[in-house]
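Notes follow once the structure below has been shown.
Protein chains: 2
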Amino acid sequence: MKKNLLVIIGCFLSLSLFAQTNDSIMVKKIVDETMTNGTAYNNLRRLCKEVGPRLSGSVKFIQGAMLTKKMMQEMGADTVYLQECMVPHWVRGAKEKGDITLKGGKKYQFKLCALGNSVGTGDKGVSSTVIEVNTLKELQELGTDRIKGKIVFFNFPMNQTYIETFRAYGESGVSRTRGPALAAKYGAVGAIVRSLAINLNDFPHTGTTVYNDSFPKIPAVAISTNDAEYFSKELKKGNVEKVFFWTGSKMLPDTIGYNVIAEVRGSQFPEQIITVGGHLDSWDLAEGANDDGTGVVQGMEVLRTMIALGIKPKRTIRAVAFANEENGGRGAQKYLAEAKAKKEQHFLALESDGGGFTPRGFGLDMTASQREAILKWKPLFLPYGVYDFSKGGGGSDIGPLKEMGTAMVGLSTDSQRYFDIHHAATDVFENVSRRELLLGAANMAALIWLVSEYGL
Amino acid sequence: MKKNLLVIIGCFLSLSLFAQTNDSIMVKKIVDETMTNGTAYNNLRRLCKEVGPRLSGSVKFIQGAMLTKKMMQEMGADTVYLQECMVPHWVRGAKEKGDITLKGGKKYQFKLCALGNSVGTGDKGVSSTVIEVNTLKELQELGTDRIKGKIVFFNFPMNQTYIETFRAYGESGVSRTRGPALAAKYGAVGAIVRSLAINLNDFPHTGTTVYNDSFPKIPAVAISTNDAEYFSKELKKGNVEKVFFWTGSKMLPDTIGYNVIAEVRGSQFPEQIITVGGHLDSWDLAEGANDDGTGVVQGMEVLRTMIALGIKPKRTIRAVAFANEENGGRGAQKYLAEAKAKKEQHFLALESDGGGFTPRGFGLDMTASQREAILKWKPLFLPYGVYDFSKGGGGSDIGPLKEMGTAMVGLSTDSQRYFDIHHAATDVFENVSRRELLLGAANMAALIWLVSEYGL
Numbered sequence: 012m013k014k015n016l017l018v019i020i021g022c023f024l025s026l027s028l029f030a031q032t033n034d035s036i037m038v039k040k041i042v043d044e045t046m047t048n049g050t051a052y053n054n055l056r057r058l059c060k061e062v063g064p065r066l067s068g069s070v071k072f073i074q075g076a077m078l079t080k081k082m083m084q085e086m087g088a089d090t091v092y093l094q095e096c097m098v099p100h101w102v103r104g105a106k107e108k109g110d111i112t113l114k115g116g117k118k119y120q121f122k123l124c125a126l127g128n129s130v131g132t133g134d135k136g137v138s139s140t141v142i143e144v145n146t147l148k149e150l151q152e153l154g155t156d157r158i159k160g161k162i163v164f165f166n167f168p169m170n171q172t173y174i175e176t177f178r179a180y181g182e183s184g185v186s187r188t189r190g191p192a193l194a195a196k197y198g199a200v201g202a203i204v205r206s207l208a209i210n211l212n213d214f215p216h217t218g219t220t221v222y223n224d225s226f227p228k229i230p231a232v233a234i235s236t237n238d239a240e241y242f243s244k245e246l247k248k249g250n251v252e253k254v255f256f257w258t259g260s261k262m263l264p265d266t267i268g269y270n271v272i273a274e275v276r277g278s279q280f281p282e283q284i285i286t287v288g289g290h291l292d293s294w295d296l297a298e299g300a301n302d303d304g305t306g307v308v309q310g311m312e313v314l315r316t317m318i319a320l321g322i323k324p325k326r327t328i329r330a331v332a333f334a335n336e337e338n339g340g341r342g343a344q345k346y347l348a349e350a351k352a353k354k355e356q357h358f359l360a361l362e363s364d365g366g367g368f369t370p371r372g373f374g375l376d377m378t379a380s381q382r383e384a385i386l387k388w389k390p391l392f393l394p395y396g397v398y399d400f401s402k403g404g405g406g407s408d409i410g411p412l413k414e415m416g417t418a419m420v421g422l423s424t425d426s427q428r429y430f431d432i433h434h435a436a437t438d439v440f441e442n443v444s445r446r447e448l449l450l451g452a453a454n455m456a457a458l459i460w461l462v463s464e465y466g467l
Numbered sequence: 012m013k014k015n016l017l018v019i020i021g022c023f024l025s026l027s028l029f030a031q032t033n034d035s036i037m038v039k040k041i042v043d044e045t046m047t048n049g050t051a052y053n054n055l056r057r058l059c060k061e062v063g064p065r066l067s068g069s070v071k072f073i074q075g076a077m078l079t080k081k082m083m084q085e086m087g088a089d090t091v092y093l094q095e096c097m098v099p100h101w102v103r104g105a106k107e108k109g110d111i112t113l114k115g116g117k118k119y120q121f122k123l124c125a126l127g128n129s130v131g132t133g134d135k136g137v138s139s140t141v142i143e144v145n146t147l148k149e150l151q152e153l154g155t156d157r158i159k160g161k162i163v164f165f166n167f168p169m170n171q172t173y174i175e176t177f178r179a180y181g182e183s184g185v186s187r188t189r190g191p192a193l194a195a196k197y198g199a200v201g202a203i204v205r206s207l208a209i210n211l212n213d214f215p216h217t218g219t220t221v222y223n224d225s226f227p228k229i230p231a232v233a234i235s236t237n238d239a240e241y242f243s244k245e246l247k248k249g250n251v252e253k254v255f256f257w258t259g260s261k262m263l264p265d266t267i268g269y270n271v272i273a274e275v276r277g278s279q280f281p282e283q284i285i286t287v288g289g290h291l292d293s294w295d296l297a298e299g300a301n302d303d304g305t306g307v308v309q310g311m312e313v314l315r316t317m318i319a320l321g322i323k324p325k326r327t328i329r330a331v332a333f334a335n336e337e338n339g340g341r342g343a344q345k346y347l348a349e350a351k352a353k354k355e356q357h358f359l360a361l362e363s364d365g366g367g368f369t370p371r372g373f374g375l376d377m378t379a380s381q382r383e384a385i386l387k388w389k390p391l392f393l394p395y396g397v398y399d400f401s402k403g404g405g406g407s408d409i410g411p412l413k414e415m416g417t418a419m420v421g422l423s424t425d426s427q428r429y430f431d432i433h434h435a436a437t438d439v440f441e442n443v444s445r446r447e448l449l450l451g452a453a454n455m456a457a458l459i460w461l462v463s464e465y466g467l
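Quick note, the sequences are listed as chains A and B, same order. For the working numbering, add 11 to where a residue sits in the first sequence, where the first one is 1. For the working numbering, add 11 to where a residue sits in the second sequence, where the first one is 1.
In structure tokens form, the structure reads like this:
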């Protein structure tokens, strides 16, 4: 009896070893195909150079959607379609300008950019004395007495000691997202925010600010980290007389946007949908190469690789280029609404929105047993530089699907370079590495194939 | 008795946990100090911009050595000194030129660079018909009959499916290191080598070629991967009449070079030396930022971080900027010779010569028990992105120390971008990420501290 049991256990172990070996062969095939023939890099070049910046509401966004649709069709997906949704239409207007008047009258001109969704200054601009704060608590303690009528300068440097730079972004990012609204509560007339760049450079980095409807909407801008350092130094020396800035940004009525979707239908469980991709929209200051053209072309690459290898996935795989992640999330909401209306089963969703940098792992937001299932595959990924399967992951675009019980996965990339270029004029195609981009796509394709083949 | 044993085991576990916790606190201190106050990035800027290319034998190399010495002194090391050695003095000469004459007489000019240590063509250049080979075996099979009097075009594309790009470099690299000598054996009059770049670009990448004294030294050059693709295509179409190139490179008599050394003396075991660093010399086409300015400034950063934190290491730590890695290895040989002459005990050596890219691990070439000792520290490195402690590692500069029984360690970096810029005009400061560079140095400092504190 004991012996029989051992034989049975032995058979199971052999079978499991056999499956693992076969899987590792298949994963290698997928990775080899992506690394050798992947078109993601060239597709990204087209998106960045033929179209460029793709802010929601702009003509360029629509051009980007049409090009993405065309590229998806070229790939040979079963179905390619647009999902229309209304998106905010914020425009930057004419080139912003600003200067600091130093004691004695000398002026220092700084580069700036209006924060996304922010109001403009009006013709005359904003001009006032300035108060620097380093935390939101400090702002609250200063209160109306000290803030009223002033411009608040939010100087929240990103923490260099966090190895995951997204953590530093989250922590300092409140200055941009919530700072201006809080300053308005205390009567500030404008807000200047130190860019969320982890290194010192000369580029202002934009990004959304969120107003509070209970208080006035005050103009809010970002300045470069180098200018923030200069500004702070001169303020500490008591050398700043006043600050002026002008912006022409405004919010126009909502307009049309699109999610762009390509699908390969599942051969066994077509009703079970796996979503993979990123967001098509970008800020207006650059080509949105890493944020998030890379996620879009990587999602498409997952499908292309499968098609090229003749893989018929058991479950339906959808590459989605979402609309309007940056300043509204309307594409994500639309995707959820359609899923609910059509009673779709969303099995798993994988987003790449951490830039096209070398992959390190997958962040997993799902049930414990689903996570266990994925962790069993970890040895399959180690040869391709993916080792970190931490809890927590996903992305803004797939986030809403969570209410349908969808398992969420986010591609974790090496984040050291992201906040050099994020939301700035330097987020261009030239700052993407072909092999880093493809290696991310290859690992995404491997995971998607495993999930499609075995479920969770 | 059993209870007592459990208590004793419990105590040991607590102590070991306590040590591990204390170590993780210390490692975090080291990483935080490097990431926040590290000067490696600025030192690299100085080396690249104040000096620039630092080919062995050149005045620039001497300037680089003097600047390195100065930067080491500024750091506050106990001792800073030069170790003189004779180095080869190869010079490129005037700008190279080359063209392909197509059938019908039309000419296509290509960019090229003489391979390191190669002879020049003489005034008239080399002009002949061309034969393409894709492996050394193919060349051997063609033999003298087919090769004699021709120019051999070595077209060995790097394998895209290797995730460790160094593996592809090793495999295709024989075209550059051994190809020209083998072509000469069969009577070739010149060699053109496809650059060892993993992507398509327009830059020729240089690097050493090794002649065989039994055969003539023929001129050997590299062309860009884009030109190699074009060349191969035209050859396949039978469209190439002949090829011409001219180079003015030559080997002059040996001249003086230096290893530059900074030392913090050990407080308990000063006789046990830990070496850390990279090589100061570079090719002449660019600033040698990633190859290997980064290794030099990271080695210095290890010392700076310790000094800044007031750490008195138990063992002696030496930051070394080696001479002449690229085309001779004389600095490494000199370092070994001095070590033997002074009967030094070289405990461990750590080299960073894989570019200043984000670290992934350490390659370990040492006894099994030494490796075990390091593997116990693995959990201390995981928070800082270092997880891969594979067998095999070191570097050309520390390599000779192996005969003294020294434990060898190489910093393993993410290699996806290295062969875009390696030995080409694009290996400049701008292609180094501050945080990636510092994260490498931080992990190096942590390992060096652990080894110094606990031995192996």
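Glycine included, each C-beta is placed from N, C-alpha and C at the ideal position.
field: Anticipated Cβ contact below 8 angstroms, B/Gly136 with B/Phe256, distance rounded
entry: 6 angstroms
field: Partners in chain B for A/Leu450, counting only beta-carbon separations shorter than 9 angstroms
entry: Ile174 and Gln427
- prompt: Does any C-beta atom of chain A lie closer than 9 angstroms to the C-beta of B/Met505?
  reply: The structure shown does not extend to residue 505 of chain B, since chain B is modelled only from 12 to 467, so the question has no answer here.
message: Mapping the DSSP letters down to three states, classify B/Ala418 as helix, strand or coil.
response: strand
query: In chain order, what residues of the same chain have a beta carbon less than 7 angstroms from the beta carbon of A/Glu464, not counting five sequence neighbours either side?
result: Counting only Cβ-Cβ distances below 7 angstroms, and skipping sequence neighbours, we find Lys325.
- request: Sort out for me which residues DSSP pairs B/His357 with in a bridge.
  value: Answer by DSSP bridge pairing, in chain order: B/Ile284.
query: Once you ignore the five residues that flank B/Asn442 on each side, which residues in its own chain have a CB closer than 6 angstroms to its CB?
result: Around B/Asn442: Ile432.
Segments of 4+ residues assigned as alpha helix (DSSP H) that fall wholly inside the stretch 88-119 of chain A: none
- request: Please report how far the alpha carbon of A/Tyr173 lies from the alpha carbon of A/Ala179, in whole angstroms.
  value: So the alpha carbons of these two residues sit roughly 6 angstroms apart.
- prompt: By how many angstroms is the C-alpha of A/Val308 removed from the C-alpha of B/Gly154?
  reply: 47 angstroms
- request: Let me know the alpha helix (DSSP H) ranges lying completely inside the stretch 235-318 of chain B, each 4 residues or longer, listed in chain order.
  value: 236-247
task: Taking only the alpha-carbon atoms, compute the straight-line gap between B/Pro394 and B/Lys39 and give it to the nearest angstrom.
output: 9 angstroms
query: Residues of chain B with a CB under 7 angstroms from the CB of A/Gln171: which are they?
result: Met46 and Thr47
- prompt: Looking at the structure shown, is A/Asp224 part of a helix, part of a strand, or coil, going by DSSP?
  reply: A/Asp224 falls in the coil class under three-state DSSP.
- prompt: Do the stretch 418-430 of chain A and the stretch 187-197 of chain A meet, that is, are 3 or more Cβ pairs less than 8 angstroms apart?
  reply: no
task: In the DSSP assignment, find the unbroken alpha helix (DSSP H) run with A/Leu193 in it and report its ends.
output: Gly190 to Lys196
query: So is A/Tyr496 in contact with chain B if we call contact Cβ pairs under 9 angstroms?
result: In the structure as shown, chain A starts at 12 and stops at 467, and residue 496 of chain A therefore has no counterpart that could be examined.
- request: Provide the residue span of the beta strand (DSSP E) that contains A/Ile432, from first to last.
  value: Counting along the chain, A/Ile432 falls outside any beta strand (DSSP E), though it belongs to the alpha helix (DSSP H) covering Tyr429 to Ile432.
query: What does B/Asp43 touch in chain A if you count any residue whose Cβ is under 9 angstroms from its own?
result: Gln171 and Thr172
message: Within 8 angstroms, do at least three Cβ pairs link the stretch 44-63 of chain A to the stretch 308-324 of chain A?
response: Contact check between the stretch 308-324 of chain A and the stretch 44-63 of chain A: three or more CB pairs, one atom from each, fall below 8 angstroms, which counts as touching.
message: For B/Ala231, tell me which candidate among B/Lys108, B/Thr286 and B/Gly365 has the shortest Cα-Cα distance.
response: B/Lys108
task: Output the boundary residues of the alpha helix (DSSP H) element that contains B/Val462.
output: Where B/Val462 is concerned, the enclosing alpha helix (DSSP H) stretches over Arg445 to Tyr465.
A/Thr140 and A/Ile111 closer than 9 angstroms at C-beta: no
- prompt: Taking Cβ-Cβ distances below 8 angstroms as the criterion, which residues of the stretch 435-448 of chain A are in contact with chain B?
  reply: Ser444, Arg445, Arg446 and Glu447
Reference B/Gly288; option with closest CA among B/Asp238, B/Gly404 and B/Ala452: The shortest CA-to-CA distance from B/Gly288 to any of B/Asp238, B/Gly404 and B/Ala452 is the one to B/Ala452.
message: Check for me: the beta strand (DSSP E) holding B/Gly201 runs from which residue to which?
response: Gly201 to Arg205
field: Under 9 angstroms between C-beta atoms of B/Gly369 and B/Ala418
entry: Rather than Gly, the amino acid found at residue 369 of chain B in this sequence is Thr. Going by C-beta atoms, B/Thr369 is not nearer than 9 angstroms to B/Ala418.
At least 3 beta-carbon pairs within less than 8 angstroms: the stretch 265-277 of chain A vs the stretch 243-253 of chain A: no
task: Evaluate B/Met12 with the Cβ neighbour count: other Cβ atoms within 10 Å of its Cβ, from every protein chain shown; 16 or more gives buried, anything less gives exposed.
output: At B/Met12 the pLDDT is 45, less than 50, meaning the model places this residue with poor confidence; the figure from the coordinates comes in the next sentence. Classification for B/Met12: exposed.
message: Beta-carbon within less than 7 angstroms of B/Arg428's beta-carbon, same chain only, minus the 5 sequence neighbours each way: which residues are those?
response: Phe368
task: Check each candidate in B/Trp388, B/Leu361, B/Asp438 and B/Leu391 and name the one with the smallest Cα separation from B/Gly403.
output: B/Leu361
- prompt: What does A/Pro394 reach in chain B if we use C-beta pairs closer than 9 angstroms?
  reply: Ile174
message: Only counting the same chain, and skipping five residues up and downstream in sequence, which positions put a Cβ closer than 8 angstroms to that of A/Ser278?
response: Lys323, Pro324 and Lys325
- prompt: What residue from B/Ala456, B/Leu467, B/Phe440 and B/Ile459 has the CA that sits closest to B/Leu55's CA?
  reply: B/Phe440
- prompt: Would B/Ala233 pass as a contact of B/Leu123 if the rule is Cβ separation under 9 angstroms?
  reply: yes
- request: Name, please, each residue of chain B whose Cβ falls closer than 8 angstroms to the Cβ of A/Thr369.
  value: Neighbours of A/Thr369 on chain B, chain order: Thr369, Asp425 and Gln427.
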